[in-house]
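Written below as structure tokens is the structure these notes are about.
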Amino acid sequence: MDTEKGYYLVHLTSGGEYKTPLVASQLFDQAETQGATKEGFAPEKTEAWIIGSMREYVDGNVKSKINSLRIRCPHIAIYMMNGIGRLRNLPVWPLLYMHRLRLGKNVPVIFHCRGESVARWALRLRNAFPGDRVVLDVRGFWPAELLYARGIDDPALAKGRDLEDFNNASKYLKEIISKVDAVTTVSAALKELLIKEMAAPSQTSVVPCCINQISADAKRFEIRKEWGIAEDEIAVVYSGSTATYQHLEDLTIPFLKKLAETEHKIRLVFLSSEQEKINKMLADAGIDINRVILRSYPQNEVANALTACDAGILIRKPTLVNKVANPVKIAEYLAAGLPVIIEKGVGGISETLFEQSLFKGIEITAATGNMGNIVADVNEWLNNGLVNKRALVRAYAARVYLWSSAILISREMYKRVLKKS
Numbered sequence: 002m003d004t005e006k007g008y009y010l011v012h013l014t015s016g017g018e019y020k021t022p023l024v025a026s027q028l029f030d031q032a033e034t035q036g037a038t039k040e041g042f043a044p045e046k047t048e049a050w051i052i053g054s055m056r057e058y059v060d061g062n063v064k065s066k067i068n069s070l071r072i073r074c075p076h077i078a079i080y081m082m083n084g085i086g087r088l089r090n091l092p093v094w095p096l097l098y099m100h101r102l103r104l105g106k107n108v109p110v111i112f113h114c115r116g117e118s119v120a121r122w123a124l125r126l127r128n129a130f131p132g133d134r135v136v137l138d139v140r141g142f143w144p145a146e147l148l149y150a151r152g153i154d155d156p157a158l159a160k161g162r163d164l165e166d167f168n169n170a171s172k173y174l175k176e177i178i179s180k181v182d183a184v185t186t187v188s189a190a191l192k193e194l195l196i197k198e199m200a201a202p203s204q205t206s207v208v209p210c211c212i213n214q215i216s217a218d219a220k221r222f223e224i225r226k227e228w229g230i231a232e233d234e235i236a237v238v239y240s241g242s243t244a245t246y247q248h249l250e251d252l253t254i255p256f257l258k259k260l261a262e263t264e265h266k267i268r269l270v271f272l273s274s275e276q277e278k279i280n281k282m283l284a285d286a287g288i289d290i291n292r293v294i295l296r297s298y299p300q301n302e303v304a305n306a307l308t309a310c311d312a313g314i315l316i317r318k319p320t321l322v323n324k325v326a327n328p329v330k331i332a333e334y335l336a337a338g339l340p341v342i343i344e345k346g347v348g349g350i351s352e353t354l355f356e357q358s359l360f361k362g363i364e365i366t367a368a369t370g371n372m373g374n375i376v377a378d379v380n381e382w383l384n385n386g387l388v389n390k391r392a393l394v395r396a397y398a399a400r401v402y403l404w405s406s407a408i409l410i411s412r413e414m415y416k417r418v419l420k421k422s
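If you number the sequence shown the way the working numbering does, the last residue is 422 and the count never jumps.
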């Protein structure tokens, strides 16, 4: 195929995911960076298409959300195609076809699909426009996540209907992978799994969950003063929700309690909109609330708040889902200059990053009753040149976890699939 004429790029999503902060940063910010960055193998036009329900068409909150996304992403066009589920999503297909015709037949379109369920629509469009290409973006191993949501950590433990649902989801994912032109995913571990279990191509690209910018320390000391953190104190932060998979009550909070009890310089920071729930968790754990900073900030202010801290924490059980995932929390911590205390095996972290001390790997899920040695080791790490690591952490984040860097990987993938005959 002659790629000299260029190409258009369309990011596709469905299932109401566009309403979430996660997808705002992972799909729309990614698309915006593609639209705004003209250097290199850039698309001539970038759009985001949302497949939704007919109810959303008249929902004022949805219209407000779409408008906010358009303000957030001025370099891309955002369209919504609404259908009625009980009528096989009519009129989604005519709307998709109409919008594809609007883009013209002379320039190929790459459909970058968030998940396998939306890829089926792009594959149907490719049948109608053979010059187009379909990229499947696998942001997590959905068959295992389906079980994880039901409390089943390992697919080997699934039985009956759960096992049937897992096998059906796996079969569907494998079928979609066999039909698309390229696959991209979030971690080397997930790439390896998809190649081994789902027959994904060896050229599957890896683009982690990224963010838009590095957070400078401009407000670091102002915020620390506001929080009452002394110059020699070490602020260890948890940022996020109280969802079960975050393991706050059973792993994170007990570990942080022990950490603060054995080192008087440690100050615990929790940034979350769920303050009441976290307050109760802390009280139930017997933590002195006066030693804790608990704050809630608008999403666009969290990055500055993180810069006031010294290290981030991310503890999740090393289940299959968590081993292959790449939480955006990692990028947020690193961009704020925070080395990360993380459960080993989680988040797809390279061993070299532990060796460089940008990450501190711990293994507490199997040692919750005897954390003394682990806590002592982490305290030594926290007291050993932590401030000097801030620049190194940010430099790594700039290379790996910024959309401005990551889209270059995607563009190489787009170039490759456009060369297919």
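Glycine included, every Cβ here is placed at the ideal spot set by N, Cα and C.
Have a look at residue i and residue j and give me their C-alpha separation to the nearest angstrom.
| i | j | result |
| --- | --- | --- |
| Leu137 | His265 | 49 angstroms |
| Met55 | Gln27 | 25 angstroms |
| Asp3 | Glu356 | Per-residue confidence for Asp3 stands at a pLDDT of 45, beneath the threshold of 50, marking its modelled position as unreliable; the derived number appears in the next sentence. Approximately 46 angstroms between the Cα atoms of the pair. |
| Glu18 | Asp233 | 42 angstroms |
| Arg417 | Arg221 | 43 angstroms |
| Val303 | Glu333 | 9 angstroms |
| Ile111 | Tyr98 | 14 angstroms |
| Ser273 | Leu295 | 8 angstroms |
| Asp251 | Tyr415 | 43 angstroms |
| Ala399 | Arg391 | 12 angstroms |
| Glu176 | Glu413 | 24 angstroms |
| Ala48 | Gly362 | The sequence given here has Glu at residue 48, not Ala. Straight-line Cα distance between these residues: approximately 40 angstroms. |
| Ile410 | Arg225 | 37 angstroms |
| Val376 | Thr263 | 8 angstroms |
| Asn380 | Ala312 | 11 angstroms |
| Ile72 | Trp228 | 33 angstroms |
| Ala336 | Asp218 | 11 angstroms |
| Lys20 | Leu164 | 30 angstroms |
| Leu102 | Glu117 | 23 angstroms |
| Leu10 | Asn68 | 21 angstroms |
| Phe130 | Trp50 | 17 angstroms |
| Met372 | Ala120 | 45 angstroms |
| Pro340 | Leu383 | 9 angstroms |
| Asn90 | Trp122 | 11 angstroms |
| Val64 | Leu354 | For the sequence presented, residue 64 should be read as Lys rather than Val. About 43 angstroms. |
| Ile178 | Gly16 | 20 angstroms |
| Ile290 | Thr243 | 17 angstroms |
| Ser358 | Ile279 | 29 angstroms |
Residue i and residue j look like a contact to me (Cβ under 8 angstroms); what is the Cβ gap, rounded to whole Å?
| i | j | result |
| --- | --- | --- |
| Arg317 | His248 | 6 angstroms |
| Cys310 | Val347 | That belief does not hold up - the Cβ atoms of Cys310 and Val347 are roughly 20 angstroms apart, past 8 angstroms. |
| Asn327 | Pro209 | 5 angstroms |
| Arg268 | Ile235 | 7 angstroms |
| Val108 | Glu40 | Actually they are not in contact, since the Cβ atoms of Val108 and Glu40 sit about 20 angstroms apart, beyond 8 angstroms. |
| Leu321 | Phe167 | Not really, about 11 angstroms apart at Cβ, beyond 8 angstroms. |
| Thr245 | Arg115 | That belief does not hold up - the Cβ atoms of Thr245 and Arg115 are roughly 24 angstroms apart, past 8 angstroms. |
| Leu174 | Pro144 | 6 angstroms |
| Thr308 | Gly338 | 6 angstroms |
| Val388 | Gly349 | Not really, about 27 angstroms apart at Cβ, beyond 8 angstroms. |
Compare the C-beta of residue i against all C-beta atoms of chain C and say whether one is closer than 8 angstroms.
| i | result |
| --- | --- |
| Asn291 | No chain C appears in this structure, which consists of one protein chain only. |
Tell me the DSSP bridge mates of residue i?
| i | result |
| --- | --- |
| Cys1 | With the chain covering only 2 through 422, there is no way to say anything about residue 1. |
| Phe271 | Tyr239 and Leu295 |
| Gly161 | Note: Gly161 sits in no beta bridge, so no partner. |
| Arg359 | In the sequence as presented, Arg is not what sits at residue 359; that position holds Leu. Leu359 pairs with nothing; no bridge assigned. |
| Gly313 | Val238 and Val341 |
| Glu48 | Val11 and Ala78 |
| Ala183 | Val136 |
| Val207 | Thr186 |
| Ile212 | Leu403 |
Touch test, the region 181–196 against the region 241–260, Cβ-Cβ under 8 angstroms, three pairs minimum: no
| said: Quick check for students: name the residue ranges of the alpha helix (DSSP H) that lie wholly in the region 223–265, counting only runs of 4 or more. | reply: 254–263
- request: Evaluate the contact criterion for the region 27–36 versus the region 402–420: three or more CB pairs, one atom per stretch, below 8 angstroms.
  value: yes
Checklist line | Any alpha helix (DSSP H) of 4 or more consecutive residues that is wholly inside the region 118–155 | finding: 143–149
Checklist entry - Where are the beta strand (DSSP E) runs, 3 residues long or more, that stay fully inside the region 50–112, in chain order? => result 78–84
* Take every Cβ of the region 173–186, pair it with every Cβ of the region 196–204, and state whether three or more of those distances are shorter than 8 angstroms. => yes
Segment contact flag, the region 69–79 with the region 125–142, C-beta cutoff 8 angstroms, min 3 pairs: no
Exercise. Given 8 angstroms as the limit, is there contact between the region 149–164 and the region 118–135, that is, 3 or more CB pairs closer than that?
Worked result: no
| message | Suppose only complete runs of 4+ residues qualify. What are the alpha helix (DSSP H) ranges in the region 316–352, listed by chain order? | response | 321–325 and 329–336
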